[in-house]
Amino acid sequence: MSQETEHVKCLIIGSGPAGYTAAIYASRADLKPVMYTGLLAGGQLTQTTEVENFPGYPTGIMGPEMMEDFRKQAERLGTDIRYGYVSAVDFSSLPHKVIVDDVKTITADTVIISTGASAKWLGLESEQKYSGFGVSACAVCDGFFFKGQDVAIVGAGDTAAEEATYLAKLARKVYMIVRRDEFRASKAMVHRVLNTPNIEVLYNTETKEILGDGQSVTGVKVINNVTNAETDLDVTGFFVAIGHHPNTDIFRGWLHMDETGYIITRPGSTETNVEGVFCAGDAQDHIYRQAVTAAGTGCMAAIDAERYLAAKEHIVTA
1 MSQETEHVKC LIIGSGPAGY TAAIYASRAD LKPVMYTGLL AGGQLTQTTE VENFPGYPTG
61 IMGPEMMEDF RKQAERLGTD IRYGYVSAVD FSSLPHKVIV DDVKTITADT VIISTGASAK
121 WLGLESEQKY SGFGVSACAV CDGFFFKGQD VAIVGAGDTA AEEATYLAKL ARKVYMIVRR
181 DEFRASKAMV HRVLNTPNIE VLYNTETKEI LGDGQSVTGV KVINNVTNAE TDLDVTGFFV
241 AIGHHPNTDI FRGWLHMDET GYIITRPGST ETNVEGVFCA GDAQDHIYRQ AVTAAGTGCM
301 AAIDAERYLA AKEHIVTA
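Be aware that the sequence shown starts at 1, since it is given in the UniProt record's numbering, and climbs by one per residue.
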């Protein structure tokens with residue numbers, strides 16, 4: 001049972017580019033936002049090495065350092081940033097009720113959800129060891145670092161096919177590791193992959209181990225699950241494209257979601273199906289999943305929340 005209760009005008013659940021940007025805009029709108037960072041303060045970018053595609057950093061910046069800049073800016077403008085996680089919500093009435101760390105109840109006039117999404121991994125110890133040092137879950141983010149090199153990508157769906165063709169424009173060769181004897185991707189995407197000369201598809205193949213020199217990736221050991229033959233591929237980059245899982249489980253039953261768990265927002269807006277609840281960033285975006293697009297929707301969510309509150313106040317005083 002929760003023991004403490006506190007009321008806030010604007011509650012932001014989750015940090016990262018979406019949450020911090022929402023906090024910056026909400027602070028400037030005098031919404032006095034309170035943010036709970038979640039278990040991974042700063043989001044996925046805190047587990048990333050160099051970021052070169054975010055505007056305003058001409059020489060690039062390390063992911064954790066960029067998130068620290070975001071945090072400092074939000075704090076300077078007045079956001080109350082707290083380390084903790086939301087364990088339950090109750091959106092059945094206004095104001096909305098949120099339980100933090102299983103012990104504290106927050107009531108909020110508006111809620112901005114920016115809990116992000118987590119990449120699905122293969123579960124190999126070596127995968128985590130070299131994450132950020134040759135292993136990546138985002139070809140668009142990190143493909144640039146492998147220009148002219150040989151890389152491998154694992155996955156068989158549309159995202160994997162799209163990322164493989166993207167990598168093929170940068171890398172010398174792309175090995176595409178497909179677990180079954182066929183793709184799960186659409187025919188159009190399969191056609192694109194098979195007609196890209198520097199992509200080699202390895203069917204019935206699974207990743208056994210990612211090889212490295214202790215500092216970066218030097219290869220990947222794969223096994224044919226029909227013949228049991230093992231092969232070492234000489235690659236410097238290994239990309240995982242087997243999907244993402246949105247961090248939205250606690251909102252299930254309250255908010256409309258797609259079959260994967262991404263929160264559905266009204267087109268051109270961050271509004272959810274629940275009045276006063278907004279969603280920004282990767283928790284509602286399964287298409288772009290970029291820091292800059294997350295930041296953009298964070299801005300939208302804060303503006304949507306401010307306009308919602310202004311409309312409510314106008315109705316009360318009219």
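Glycine included, each C-beta is placed from N, C-alpha and C at the ideal position.
Rounded separation between residue 216 and residue 134 - CA only: Against the sequence shown, residue 216 aligns to sequence position 216. Against the sequence shown, residue 134 aligns to sequence position 134. So the alpha carbons of these two residues sit roughly 6 Å apart.
Residue span of the alpha helix (DSSP H) that contains residue 63, given as start and end: Against the sequence shown, residue 63 aligns to sequence position 63. Looking at the DSSP string, the run of the alpha helix (DSSP H) that includes residue 63 is 63 to 76.
Beta-carbon proximity check, residue 36 vs residue 74, cutoff 8 Å: Numbered from 1 along the sequence shown, position 36 holds the residue referred to as residue 36. Numbered from 1 along the sequence shown, position 74 holds the residue referred to as residue 74. For residue 36 and residue 74, no; Cβs fall outside 8 Å.
Segment limits, alpha helix (DSSP H) that includes residue 193: Along the sequence shown, read from residue 1 onward, the residue named residue 193 stands at position 193. Element bounds for residue 193: 187 to 194.
Where the alpha helix (DSSP H) through residue 179 begins and ends: On the sequence shown, residue 179 is found 179 positions in, with the first residue counted as 1. Note, residue 179: premise wrong, no alpha helix (DSSP H); not H, not E.
Buried or exposed (CB count within 10 angstroms, at least 16 for buried), residue 262: Position 262 of the sequence shown, counting from 1, holds the residue named residue 262. Classification of residue 262: buried, given that the 10 Å Cβ count is 16 or more.
Reference residue 270; option with closest CA among 177, 78, 303 and 88: If you number the sequence shown from 1, residue 270 lands on position 270. For the residues 177, 78, 303 and 88, the minimum Cα distance to residue 270 belongs to 303.
Rounded C-alpha distance that separates residue 316 from residue 98: Looking up residue 316 in the sequence shown gives position 316. Looking up residue 98 in the sequence shown gives position 98. In this prediction, residue 316 scores a pLDDT of 48, lower than 50, which makes its location untrustworthy; the coordinate-derived value is nonetheless stated afterwards. Going by the C-alpha atoms only, they are around 25 Å apart.
Residue 4 versus residue 250 - alpha carbon distance: Start at 1 with the first residue of the sequence shown, and residue 4 comes out as number 4. Start at 1 with the first residue of the sequence shown, and residue 250 comes out as number 250. Distance between the alpha carbons of residue 4 and residue 250: 20 Å.
Between the CA atoms of residue 180 and residue 220 - distance to the nearest angstrom: For the purposes of this step, residue 220 is taken as residue 220 along the sequence shown, with counting starting at 1. For the purposes of this step, residue 180 is taken as residue 180 along the sequence shown, with counting starting at 1. Using only the alpha carbons, I get a separation of about 18 Å.
Beta carbon of residue 146 nearer than 8 Å to that of residue 185: Here residue 146 refers to the residue found at position 146 of the sequence shown. Here residue 185 refers to the residue found at position 185 of the sequence shown. Result no, Cβ atoms of residue 146 and residue 185 do not sit closer than 8 Å.
Helix, strand or coil at residue 239 [DSSP, three-state]: As a working note, residue 239 is residue 239 in the sequence shown. Looking at residue 239 - three-state DSSP - the assignment turns out to be strand.
Residues of its chain near residue 264, where Cβ-Cβ distance is below 8 Å and the 5 sequence neighbours each way are ignored: The count along the sequence shown starts at 1 and reaches residue 264 at position 264. The beta carbon of residue 264 is closer than 8 Å to those of 255, 256, 257, 258, 272, 273 and 284 in its chain, skipping five residues each way along the sequence.
Contact the segment 75 to 86 vs the segment 194 to 212: 3+ CB pairs below 8 Å: no
Assigned exposure category for residue 298 - 16 Cβ within 10 Å defines buried: If you number the sequence shown from 1, residue 298 lands on position 298. So residue 298 ends up on the buried side.
First and last residue of the uninterrupted beta strand (DSSP E) at residue 212: The residue you call residue 212 lines up with position 212 of the sequence shown. Counted as a single uninterrupted DSSP element, the beta strand (DSSP E) harbouring residue 212 occupies residues 205 to 212.
Cα-Cα separation, residue 108 to residue 7: Indexing the sequence shown from 1 puts residue 108 at position 108. Indexing the sequence shown from 1 puts residue 7 at position 7. It is roughly 6 Å from the alpha-carbon of residue 108 to the alpha-carbon of residue 7.
Cβ-based burial, residue 92 [other Cβ within 10 Å; buried from 16]: Start at 1 with the first residue of the sequence shown, and residue 92 comes out as number 92. So residue 92 ends up on the exposed side.
Residues that residue 279 bridges to, as DSSP identifies them: In the sequence shown, the residue the question calls residue 279 occupies position 279. For residue 279, which the question treats as bridged, DSSP gives the partners 113.
Start-to-end residues for the alpha helix (DSSP H) that takes in residue 217: In the sequence shown, the residue the question calls residue 217 occupies position 217. No alpha helix (DSSP H) holds residue 217; the beta strand (DSSP E) holding it covers 217 to 224.
Other residues of its chain near residue 115: CB distance less than 7 Å, five sequence neighbours each side excluded: As a position in the sequence shown, residue 115 is number 115, starting the count at 1. Contacts found: 13, 14, 38, 247, 248 and 283.
Alpha carbon of residue 130 to alpha carbon of residue 196, nearest angstrom: Against the sequence shown, residue 130 aligns to sequence position 130. Against the sequence shown, residue 196 aligns to sequence position 196. C-alpha separation (whole angstroms): 28 Å.
Anticipated Cβ contact below 8 Å, residue 152 with residue 238, distance rounded: Numbered from its first residue, the sequence shown carries residue 152 at position 152. Numbered from its first residue, the sequence shown carries residue 238 at position 238. With a Cβ gap of about 5 Å, residue 152 and residue 238 count as contacting.
Cβ-Cβ separation, residue 149 to residue 236 (assumed contact under 8 Å), whole Å: By one-based count along the sequence shown, residue 236 stands at place 236. By one-based count along the sequence shown, residue 149 stands at place 149. Correct: roughly 5 Å between the Cβ atoms.
Residue 150 - containing beta strand (DSSP E), residue span: Within the sequence shown, numbered from 1, the residue matching residue 150 stands at position 150. Segment 150 to 154, the beta strand (DSSP E) holding residue 150.
Distance CB(residue 241)-CB(residue 143) smaller than 8 Å: Indexing the sequence shown from 1 puts residue 241 at position 241. Indexing the sequence shown from 1 puts residue 143 at position 143. Their beta carbons are not under 8 Å apart, which means residue 241 does not touch residue 143 by this criterion.
Contact check, residue 57 vs residue 66, beta carbons under 8 Å: What you label residue 57 is simply residue 57 of the sequence shown in a count that begins at 1. What you label residue 66 is simply residue 66 of the sequence shown in a count that begins at 1. Cβ distance < 8 Å, so residue 57 and residue 66 count as in contact.
Beta bridge counterpart(s) of residue 120 as assigned by DSSP: Here residue 120 is taken as the residue at index 120 of the sequence shown, counted from 1. Paired residue(s): none; residue 120 is not in a bridge.
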